[in-house]
Ligand code: CTP
Ligand code: MG
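In the numbering used here, the protein residues as written are -10 to 247.
And the structure:
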């Protein structure tokens, strides 16, 4: 108990001013090998604007997010700072740029290490998911504020999934060993949201290389919860994903009346 006066009532469940402050770490240091030759994936254009700028705006659009830490390609921090200066971004949000590492996990850790005190909730969001809607971002933050140590946006799978054994040799078939019940499987997206202390502990403890931060929290034995994901939060991975991303942007422009 303290004698502090109660904070003023929040105008919305996810206000930037009342509850714990939220920062977003954006790993953007990957090369984008599966997208094919060219600039690092996060710096490639979508609708004429770098994918990374879309991803930063998607985080900064949430009124709850007051700091965005961009983890740039290892030799690209200066270029990313120049990009941030060249694009309109909300005044209420602060930005930091740090160089990334060899793996996504290392890049996220470098972003976490750069986080100043005073942020109790951390989102980790792939630069490669530039079009996530703000409602999804806010739903993740809200679930962390409600007490979950780790939150992932998740969608049911469209395809049936098979578990296989490794092929006996090159060119040999992969034998199917199981067909997991699809109704119990989910495809997970970002932003994933965390209680900061939990995520820092996970990154300090778990040494296996993983592609998702929530799985590190699972390895600590803590419960990770899901909120509904969104089809527009898909990851740009292969060339066809760029076609889809351009189509989503074109639809938004049409709906916004441009
Ligand atoms: N990432 C990162 N540092 C790395 C590798 C990946 O920050 N060393 C980031 C990517 O920039 C991306 C996110 O992690 O925003 C998800 O990774 P992925 O989609 O695999 O991107 P890339 O690693 O760039 O692509 P690829 O695996 O095809 O090379
Ligand atoms: Mg990768």
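Every residue, glycine too, gets a C-beta built ideally from N, C-alpha and C.
Comparing the CB of residue i with every heavy atom of the ligand CTP, is any distance shorter than 6 Å?
i, result
"residue 96", "yes"
"residue 23", "yes"
"residue 89", "yes"
"residue 33", "no"
"residue 105", "no"
"residue 204", "no"
"residue 227", "no"
"residue 165", "no"
"residue 156", "no"
Considering residue i, what are the terminal residues of the alpha helix (DSSP H) in which it resides?
i, result
"residue 228", "228 to 244"
"residue 193", "185 to 194"
"residue 97", "93 to 102"
"residue 123", "123 to 134"
Run the proximity test for residue i: is its beta-carbon closer than 6 Å to any non-hydrogen atom belonging to the ligand MG?
i, result
"residue 65", "no"
"residue 19", "yes"
Residue range of the beta strand (DSSP E) that residue i falls in?
i, result
"residue 167", "165 to 167"
"residue 175", "175 to 177"
"residue 225", "From DSSP, residue 225 is part of no beta strand (DSSP E); its letter is neither H nor E."
"residue 55", "54 to 61"
"residue 83", "83 to 88"
"residue 72", "Note, residue 72: premise wrong, no beta strand (DSSP E); alpha helix (DSSP H) at 66 to 75."
"residue 215", "213 to 217"
Let's test the definition: count the other Cβ atoms within 10 Å of the Cβ of residue i and tell me whether it reaches 16, buried, or not, exposed.
i, result
"residue 82", "buried"
"residue 71", "exposed"
"residue 185", "buried"
"residue -9", "Reliability fails at residue -9, whose pLDDT of 45 lies under 50, so the model's placement of it is uncertain and no value is given."
"residue 19", "buried"
"residue 152", "exposed"
"residue 165", "exposed"
"residue 228", "exposed"
"residue 147", "exposed"
"residue 96", "buried"
"residue 159", "exposed"
"residue 1", "Note that residue 1 scores a pLDDT of 48, beneath 50, so its modelled location is shaky; the value from the coordinates is reported in the next line. Residue 1 should be labelled exposed."
"residue 6", "Legend: pLDDT at residue 6 = 46, less than 50; position of this residue unreliable, value from coordinates given subsequently. With fewer than 16 other Cβ atoms within 10 Å, it is exposed."
Under 7 Å, do residue i and residue j count as touching if we go by C-beta distance?
i, j, result
"residue 120", "residue 221", "yes"
"residue 35", "residue 234", "yes"
"residue 60", "residue 87", "yes"
"residue 104", "residue 12", "yes"
"residue 125", "residue 43", "no"
"residue 182", "residue 129", "yes"
* **Three or more C-beta pairs below 8 Å linking the region 138 to 145 and the region 178 to 194** => yes
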